[in-house]
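Engineer: For the sequence shown, counting from 1, position 68 maps to 83 in our numbering; every step adds exactly one.
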Amino acid sequence: MKLVKAEKIENSKFELEISVDKATFDEAVTKAFQKESKKITVPGFRKGKAPRAIIEKMYGQGVFYETAINDIIPDAYEAAVAEAGITPVARPDFDVVSLDENGLVLSAKVFVKPDVAISDYLGIAATRNVAPVTDEEIDAEINTVRERNSREAEVMGRAAELGDTAVIDYEGFADGVAFEGGKGEQYSLKLGSGSFIPGFEEQIVGHKVDDEFDVNVTFPTEYHAPELAGKEATFKCKIHALTRVELPELDDDFAKDVSEFDTFAEYKADVKAKIEKRHADTADNAVTEQLINALIEKMEADIPAPMFETETENCLRDYDGQLRMSGLDLNTYMKYTGMTLEKMREQLRPQAEHQVKARLVLEKIAELEKIEVSEEEINAEYDRIAAAYNMPVDQVKASLPADAIVDDVKVKKTIDLVREKAVITDEAPKKKTTRKPAAKKTATKKDAATEEVKAEAEEVKTEE
Numbered sequence: 016m017k018l019v020k021a022e023k024i025e026n027s028k029f030e031l032e033i034s035v036d037k038a039t040f041d042e043a044v045t046k047a048f049q050k051e052s053k054k055i056t057v058p059g060f061r062k063g064k065a066p067r068a069i070i071e072k073m074y075g076q077g078v079f080y081e082t083a084i085n086d087i088i089p090d091a092y093e094a095a096v097a098e099a100g101i102t103p104v105a106r107p108d109f110d111v112v113s114l115d116e117n118g119l120v121l122s123a124k125v126f127v128k129p130d131v132a133i134s135d136y137l138g139i140a141a142t143r144n145v146a147p148v149t150d151e152e153i154d155a156e157i158n159t160v161r162e163r164n165s166r167e168a169e170v171m172g173r174a175a176e177l178g179d180t181a182v183i184d185y186e187g188f189a190d191g192v193a194f195e196g197g198k199g200e201q202y203s204l205k206l207g208s209g210s211f212i213p214g215f216e217e218q219i220v221g222h223k224v225d226d227e228f229d230v231n232v233t234f235p236t237e238y239h240a241p242e243l244a245g246k247e248a249t250f251k252c253k254i255h256a257l258t259r260v261e262l263p264e265l266d267d268d269f270a271k272d273v274s275e276f277d278t279f280a281e282y283k284a285d286v287k288a289k290i291e292k293r294h295a296d297t298a299d300n301a302v303t304e305q306l307i308n309a310l311i312e313k314m315e316a317d318i319p320a321p322m323f324e325t326e327t328e329n330c331l332r333d334y335d336g337q338l339r340m341s342g343l344d345l346n347t348y349m350k351y352t353g354m355t356l357e358k359m360r361e362q363l364r365p366q367a368e369h370q371v372k373a374r375l376v377l378e379k380i381a382e383l384e385k386i387e388v389s390e391e392e393i394n395a396e397y398d399r400i401a402a403a404y405n406m407p408v409d410q411v412k413a414s415l416p417a418d419a420i421v422d423d424v425k426v427k428k429t430i431d432l433v434r435e436k437a438v439i440t441d442e443a444p445k446k447k448t449t450r451k452p453a454a455k456k457t458a459t460k461k462d463a464a465t466e467e468v469k470a471e472a473e474e475v476k477t478e479e
């Protein structure tokens, strides 16, 4: 195998011409015959037992050429790329230039990483805005822990109230006839949750354990079962048990149970400190994003479309991984949202383009600043990944090549350098208005999509 030509035909595109000698090609054809002949039926011979000459006479001299060429391409292409000293960003299509007594000649148009120009990348201005910690945030954090440490207590000596959980049997009738899906036994219903038909839960209120009674409701006009939509119905119900959530008192005993502190005041101060740390981290991440955006604006590069397409597919795989960690998958997501792969690619494309541009400009700065990665830094990154995913270090090393680790660490060190040299101004936090609640943190595409699917799936489950 020999690289005949490596010609730059555009800024980020090369044309390679690769020759394969006759002996190598003939050997590949022989291997192709041995592999493919098992699938070929020739009259008068058992399947896979016909001689090569007979098969070639029946189907043509080049019957095994396509398989042979496909088998040759990987090694030939890898060797040609190494000899040309280029870094492809996508697998090319190959064309046969010639195939004769001298052997095989292939051509390929290869997209490569573009030339990147960047200047004035140190000393960039950015603003840092750390949001103040509010009492509401502290209370919400503590109440989340409080609710996790709550317990269900049996309700004694009183009727059901909103907020209780009633364990009930029920059976629904429309026009005096029981309908499909309208019966349940020992069902735990949180009163006030809104998980049943409007008006149902409120009619449980006021009844006691062992009471048997009717609940009269009207199905919504847009109910998912058309035969029940807009109809009046009666549910015969019985309460078996009532429970209510009991929250622990917010005192020193609570602090000792949920933390390493002896007093509630110490615990509350620690909660505040952790929220402050989160706010500071959020502000730091925003600064990094400002700096990267500024670098992208300063960068000059003719980026080939296949780089964006490849990164879009990577984002799609990452998205699927995020969904699976939440108990969903891509197919379920598309089913409940009506999305298609093409629509998802369209949504993820801006994110992919940003990531490609950021990576290119940071790699160029690393090159200009001669940033290197030590063996200790490589091992530290392997250790960090192993700890994050609770995997043995050896397993991480087997799945992630050192080159990839070096590239990632180099990019991180470059970001650190740009931050270190940046002119960062701490901006005074804006006072929050009391006219309306503070806006919630904007969810990422993945988070928002995951929550949307979860909600829709839960709605379907409830209606059933």
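Ideal Cβ placement from N, Cα and C applies to all residues, glycine included.
Which residue marks the beginning of the beta strand (DSSP E) containing F29, and which one marks its end?
Structural biologist: Within the sequence shown, numbered from 1, the residue matching residue 29 stands at position 14. That run of the beta strand (DSSP E) goes K28 to D36.
Engineer: In terms of residue numbering, what span does the alpha helix (DSSP H) encompassing F269 cover?
Structural biologist: The sequence position of residue 269 within the sequence shown is 254, counting from 1. Taken as a continuous stretch (DSSP letters only), the alpha helix (DSSP H) holding F269 covers D267 to V273.
Engineer: What are the boundary residues of the beta strand (DSSP E) that K251 is part of?
Structural biologist: Residue mapping note: residue 251 aligns to position 236 of the sequence shown, counting from 1. Taken as a continuous stretch (DSSP letters only), the beta strand (DSSP E) holding K251 covers E247 to E261.
Engineer: Using 8 Å as the threshold, is the region 361-369 in touch with the region 326-334, meaning 3 or more CB pairs across them?
Structural biologist: With three or more CB-CB distances shorter than 8 Å, the region 361-369 counts as touching the region 326-334.
Engineer: Suppose you measure from the CA of A284 to the CA of F126; what does that come to, to the nearest Å?
Structural biologist: Taking the first residue of the sequence shown as position 1, residue 284 is located at position 269. Taking the first residue of the sequence shown as position 1, residue 126 is located at position 111. Going from the Cα of A284 to the Cα of F126 covers about 56 Å.
Engineer: Count the other CB atoms, across all protein chains shown, that sit within 10 Å of the CB of P235; report buried if there are 16 or more and exposed otherwise.
Structural biologist: Working through the sequence shown from its first residue, we reach residue 235 at position 220. P235 should be labelled exposed.
Engineer: Just the C-alpha distance for G221 and V192, rounded to the nearest angstrom, thanks.
Structural biologist: What you label residue 221 is simply residue 206 of the sequence shown in a count that begins at 1. What you label residue 192 is simply residue 177 of the sequence shown in a count that begins at 1. Rounded to whole angstroms, G221 to V192 spans 27 Å at the Cα level.
Engineer: Would you grab the beta carbon distance between V148 and E291 for me? Rounded to a whole angstrom, and I think it's under 8 Å.
Structural biologist: In the sequence shown, residue 148 corresponds to position 133, counting from 1. In the sequence shown, residue 291 corresponds to position 276, counting from 1. About 5 Å; that satisfies the 8 Å criterion.
Engineer: Would you list the one or two residues that DSSP bridges to T355?
Structural biologist: As a position in the sequence shown, residue 355 is number 340, starting the count at 1. Residue pairing from DSSP leaves T355 without any beta-bridge partner.
Engineer: Taking 8 Å as the limit between beta carbons, can you name the residues of its chain near I24, skipping five residues before and five after?
Structural biologist: As a first step, residue 24 must be located in the sequence shown, where it is residue number 9. Hits under 8 Å: E30 and K124.
Engineer: With 16 as the cutoff for other CB atoms within 10 Å, does T429 come out buried or exposed?
Structural biologist: Within the sequence shown, the letter at position 414 stands for residue 429. It counts as buried.
Engineer: Any chance the region 259-270 sits against the region 151-164, with 3 or more Cβ pairs inside 8 Å?
Structural biologist: yes
Engineer: Spatial neighbours of M349 within its chain, please: C-beta separation below 7 Å, excluding the five flanking residues on both sides.
Structural biologist: Along the sequence shown, read from residue 1 onward, the residue named residue 349 stands at position 334. For M349, the CB contacts under 7 Å within the same chain, skipping 5 residues up- and downstream, are T355 in chain order.
Engineer: Does the region 131-147 come within contact of the region 435-442, defined as at least 3 CB pairs closer than 8 Å?
Structural biologist: In short, these stretches touch, since the Cβ pair count reaches three.
Engineer: Touch check for the region 303-318 and the region 375-395: three-plus C-beta pairs under 8 Å?
Structural biologist: Counting Cβ pairs under 8 Å, three or more are found: they touch.
Engineer: Go through its chain and collect everything with a Cβ distance to K289's Cβ below 6 Å, but skip five positions before and after it.
Structural biologist: By 1-based counting over the sequence shown, the position of residue 289 is 274. Non-local C-beta neighbours of K289 in its own chain, meaning closer than 6 Å and more than five positions away in sequence, are absent.
Engineer: Quick one, are the C-beta atoms of E186 and K251 less than 7 Å apart?
Structural biologist: Taking the first residue of the sequence shown as 1, we reach residue 186 at position 171. Taking the first residue of the sequence shown as 1, we reach residue 251 at position 236. Yes, Cβ-Cβ distance for E186 and K251 is below 7 Å.
Engineer: Can you give the beta carbon distance from K28 to P319, rounded, assuming they're within the 8 Å contact cut?
Structural biologist: Here the question's residue 28 lines up with position 13 in the sequence shown. Here the question's residue 319 lines up with position 304 in the sequence shown. Indeed, because the Cβ distance is near 7 Å, the residues count as touching under 8 Å.
Engineer: So, are the CB atoms of A316 and P129 less than 7 Å apart?
Structural biologist: Start at 1 with the first residue of the sequence shown, and residue 316 comes out as number 301. Start at 1 with the first residue of the sequence shown, and residue 129 comes out as number 114. In this structure, P129 lies closer than 7 Å to A316 by Cβ.
Engineer: Out of curiosity, what's the CA-to-CA distance linking A174 and K271?
Structural biologist: Reading the sequence shown from its first residue, position 159 is the one you call residue 174. Reading the sequence shown from its first residue, position 256 is the one you call residue 271. Cα to Cα, A174 sits roughly 35 Å from K271.
Engineer: Taking 7 Å as the CB-CB limit, is R339 close to chain B?
Structural biologist: As a matter of chain content, chain B is missing from the structure shown, which is built from one protein chain.
Engineer: Since V182 is in the beta strand (DSSP E), which residue starts that stretch and which ends it?
Structural biologist: The sequence position of residue 182 within the sequence shown is 167, counting from 1. Where V182 is concerned, the enclosing beta strand (DSSP E) stretches over T180 to A189.
Engineer: What do you reckon, are the CB atoms on I212 and V232 nearer than 7 Å?
Structural biologist: Here residue 212 is taken as the residue at index 197 of the sequence shown, counted from 1. Here residue 232 is taken as the residue at index 217 of the sequence shown, counted from 1. Closer than 7 Å, so yes.
Engineer: Leaving aside the five residues before and after A12 along the sequence, list all residues of the same chain whose C-beta is less than 8 Å from its C-beta, in chain order.
Structural biologist: The displayed coordinates of the chain run from 16 to 479. Any statement about residue 12 would go beyond what the structure contains.
Engineer: For E152, which residues from the same chain have a beta carbon less than 8 Å from its beta carbon, with the 5 sequence-adjacent residues on both sides left out?
Structural biologist: Counted from its first residue, the sequence shown places residue 152 at position 137. Excluding positions up to five away in sequence, the list reads I290.
Engineer: Skipping 5 residues on each side, what residues in its chain have a beta carbon closer than 7 Å to that of A68?
Structural biologist: Mapped onto the sequence shown, residue 68 falls at position 53. Within the same chain, no residue comes within 7 Å of A68 by CB-CB distance, once the 5 residues on both sides are set aside.
Engineer: For V19, which residues of its own chain have a beta-carbon under 8 Å away from its beta-carbon, when the five flanking residues on both sides are left out?
Structural biologist: Working through the sequence shown from its first residue, we reach residue 19 at position 4. Hits under 8 Å: E32, I33, S34 and V120.
Engineer: According to DSSP, is L119 helix, strand or coil?
Structural biologist: As a working note, residue 119 is residue 104 in the sequence shown. L119: strand per DSSP, three-state reduction.
Engineer: What's the C-alpha gap between R143 and V302?
Structural biologist: For the purposes of this step, residue 143 is taken as the residue at position 128 of the sequence shown. For the purposes of this step, residue 302 is taken as the residue at position 287 of the sequence shown. Near 6 Å, if we compare the C-alpha coordinates of V302 and R143.
Engineer: What separation, rounded to the nearest whole angstrom, lies between the Cα atoms of L257 and V230?
Structural biologist: As a first step, residue 257 must be located in the sequence shown, where it is residue number 242. As a first step, residue 230 must be located in the sequence shown, where it is residue number 215. Taking the straight line joining both Cα atoms gives about 17 Å.
Engineer: Can you give the Cα-Cα distance for D190 and K223, rounded to whole angstroms?
Structural biologist: Locating residue 190 in the sequence shown gives position 175, counting from the first residue. Locating residue 223 in the sequence shown gives position 208, counting from the first residue. So the two alpha carbons sit approximately 28 Å from each other.
Engineer: Might you give, ordered along the chain, the residues of its own chain that have their beta carbon closer than 7 Å to the beta carbon of K412, omitting 5 neighbours on each side?
Structural biologist: As a working mapping, residue 412 is identified with position 397 in the sequence shown. Y397.
Engineer: For E42 and I101, I'd like the C-alpha separation in whole angstroms.
Structural biologist: As a first step, residue 42 is located in the sequence shown; it is residue number 27 there, counting from the start. As a first step, residue 101 is located in the sequence shown; it is residue number 86 there, counting from the start. E42 and I101: Cα-Cα distance of roughly 29 Å.
Engineer: Is K412 close to the ligand NAP? I mean its beta-carbon at under 6 Å from any heavy atom of the ligand.
Structural biologist: Ligands in the displayed structure: none, and consequently the ligand NAP is not present.
Engineer: K460 to M314, Cα distance in whole Å?
Structural biologist: Position 445 of the sequence shown, counting from 1, holds the residue named residue 460. Position 299 of the sequence shown, counting from 1, holds the residue named residue 314. Low per-residue confidence applies at K460: pLDDT is 40, beneath 50, and the placement is therefore not dependable, though the value from the model is reported in the following sentence. About 27 Å.
Engineer: Starting from N231, trace the beta strand (DSSP E) both ways and give me its first and last residue.
Structural biologist: Here residue 231 refers to the residue found at position 216 of the sequence shown. Boundaries of the beta strand (DSSP E) around N231: E227 to T233.
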